[in-house]
Amino acid sequence: DFLDELRCSIKNRSFRPLPVRERMIPKPGTHKRRRLGIPSVADRVVQASLKLVLEPIFEADFLPCSYGFRPKRRAHDAVAEVRHFTTRPRCYDWIVEGDIKACFDEIDHTALLGRVRRRIGDNRVLALVKAFLKAGILTEDRRLEDTTAGTPQGGILSPLLANVALSVLDEFIAQAPGGWRTSNAEREKRRRHGLPNFRLVRYADDWCLMVKGTRADAEALREEVAAVLAAIGLRLSPDKTLITHIDEGLDFLGWRIQRHRKRGTSQHFIYTYPSKKAVLAVKRKVKMLCRQVSTSQPLDILLRRVNPSLRGWCGYFRAGVSSAVFAYLSHYVWQTVWRWLRRKHLRSTWKQLRRRYCGGGWWPASEHRELIDLEKIGTTRYRYRGTVIPSPWPDTNEEPTAA
């Protein structure tokens, strides 16, 4: 039996992870490619078991500013926190937009294992973690390469290990004067003396540092962050690590976060809506699907592929001021699908196509489904939940409630 053999090999310490298989995939919105490392089935089973053991231990130490790959946390929480602290009266107006070069590929193994060793005393567990880090990679052209740094994207354990490594940044910002652990009274005192306060929001290797101070304060902090990351083998990208004012806006996790004047008033508010890059990506996706589905196929095949993509995209971006973007995309998708129908029936008139596919109206539909109308999707505001988000693990010290 597969699981019995795997259990025995781990017990007698004969288990050896296989090199991960390299797969190069395109980066969204660019012509560059990103490396994925796909572990074998046995390795994925062991990694999942390791994660079940390690995650509750490290979750007890992770700080509230970290949101990526953590239970009961999501990207919307990170965006809501940025919006919360840039809104008046908090006014953390200057933003350091962080970009780490090849984060998963360059994490220093010695530094990472050192951080794991602080919390894990079992040498067998430590040996397994090290074995996965050093397993090697089988490239697409069948060459075997050693892994001297990094944890492969695609592994079940990799997101947790990346969070362990990057928590050094969370701790540095939290413990620094003016950081998360600074009391409210001390923050007020610092502002009276012209000293900055700051807040970090991190989603895996995407992070932004909000500064309540001046641009010079943000620039000085960027240099300190670069030094902290260098200790775990990581580097900031000089071209992509930007310092911006909230009035200019920033892109974070696919969202545009910017202060605008509310129409018809003199008041200014922080708005969150899909970034231009995110809109271009979904337009490119729809266009690609209309090219991939041959015009010899029925309309239902196209709608079966287009609708889920758009529904998932809107499900993520409906938690913001997205109505205008949805209306724009709805018109774009309608035009693109109609072009596909015109190519499918070159000799048919508009009137004939409308009668066949729209019942005399204008909205395309097959026998089984209708093209999704993004304009009808309602939007909502995702509320900031604060720093205390319930843990998925019950407190074993609590007394059971009487039945």
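Position in the sequence shown (from 1) plus 1400 gives the number in this note's numbering. All C-beta atoms, glycine included, are put in the ideal place defined by N, C-alpha and C. All values reported here derive from a predicted model rather than from experimental measurement.
ask   = Per DSSP, E1497 is paired with what?
value = C1608 and L1642
CB contact flag (I1657, G1649, <8 Å) = yes
ask   = Relative to the ligand HEM, is the shortest distance from any of its heavy atoms to the C-beta of A1627 smaller than 7 Å?
value = Only the bare structure without any ligand can be found here, which leaves the ligand HEM out of the picture.
key: Closest Cα partner of R1416 within the set Y1671, K1432 and S1440   = S1440
Status (buried if at least 16 other CB within 10 Å, exposed otherwise) for V1686 = buried
inquiry  = Could you pull the DSSP bridge partners for H1484 from this structure?
reply    = Partner(s): none; H1484 has no beta bridge.
key: D1443 in three-state terms, based on DSSP   = helix
In DSSP terms, what H1668 is bridged to = R1661
request  = Find the nearest neighbour of E1775 within the set G1633, V1721, R1756 and W1740, judged by alpha-carbon distance.
outcome  = V1721
query = Helix, strand or coil: which one does DSSP assign to G1649?
reply = coil
query = Enumerated in chain order, which unbroken segments of the alpha helix (DSSP H) with a length of 4 residues or greater are wholly contained in the segment 1704-1769?
reply = 1723-1744 and 1750-1757
key: Same chain, Cβ closer than 7 Å to A1765, five either side skipped, listed in chain order   = Y1757, C1758 and L1771
request  = Let me know the secondary structure DSSP gives G1468 once reduced to three states.
outcome  = coil
query = According to the Cβ coordinates, are C1608 and V1496 closer than 8 Å?
reply = yes
inquiry  = Just to confirm my understanding: we take W1740, look at its own chain, exclude 5 residues before and 5 after, and list those with CB closer than 7 Å. What are they?
reply    = C1690, T1695 and L1702
key: C-beta atoms of G1498 and T1641 nearer than 8 Å   = yes
task = Please name the residue or residues paired with F1598 in a DSSP beta bridge.
result = V1611
Close Cβ partners of S1791 (< 6 Å) along its chain, the five nearest in sequence each way excluded = none
query = Under the three-state reduction of DSSP, which class applies to P1564: helix, strand or coil?
reply = As written in the sequence, residue 1564 is Val, which differs from the Pro given in the question. DSSP places V1564 in helix when its eight states are reduced to three.
message = Taking the alpha helix (DSSP H) that E1540 belongs to, which residues open and close that run?
response = Run containing E1540: none; DSSP gives neither H nor E here.
request  = Using three-state DSSP, classify L1436 as helix, strand or coil.
outcome  = strand
request  = Could you pull out every residue in the same chain whose Cβ sits closer than 8 Å to the Cβ of V1725, ignoring the five residues on either side in sequence?
outcome  = Y1673, P1674, V1679 and F1717
query = Which first and last residues belong to the alpha helix (DSSP H) in which I1410 is found?
reply = F1402 to K1411
task = Go ahead and label C1731 buried or exposed: buried means 16 or more other beta carbons lie within 10 angstroms of its beta carbon, across all protein chains shown.
result = Residue 1731 is actually His in this sequence, not Cys. So H1731 ends up on the exposed side.
message = Just to confirm the assignment, what range does the alpha helix (DSSP H) spanning V1420 have?
response = Segment V1420 to P1426 is the beta strand (DSSP E) holding V1420; no alpha helix (DSSP H) there.
query = My guess is that Y1784 and A1502 are in contact by the Cβ rule of under 8 Å, so how many angstroms apart are they, rounded?
reply = Rounded, the Cβ-Cβ distance is 32 Å, inconsistent with contact.
message = Output needed for L1561: all residues of its chain with C-beta closer than 7 Å, excluding positions within five of it in sequence on either side, in chain order.
response = L1512 and T1551
inquiry  = Going by DSSP in three states, A1631 sits in which element: helix, strand or coil?
reply    = coil
message = Tell me the rounded alpha-carbon separation between G1555 and D1606.
response = 19 Å
Cutoff 7 Å; reference F1572; Cβ partners in own chain excluding five residues on either side = V1628
Proximity winner among A1574, G1514, S1637 and L1544, relative to A1565 (alpha-carbon distances) = G1514
inquiry  = Against chain C, with Cβ distances strictly below 8 Å, would L1774 count as a contact?
reply    = The structure shown contains no chain C, having only a single protein chain.
ask   = Hey, how far is the Cα of K1744 from the Cα of D1700?
value = 13 Å
Exposure of S1558, with buried meaning 16 or more beta-carbon neighbours within 10 Å = buried
inquiry  = Measuring only the C-alpha atoms, how far is T1582 from I1457?
reply    = 25 Å
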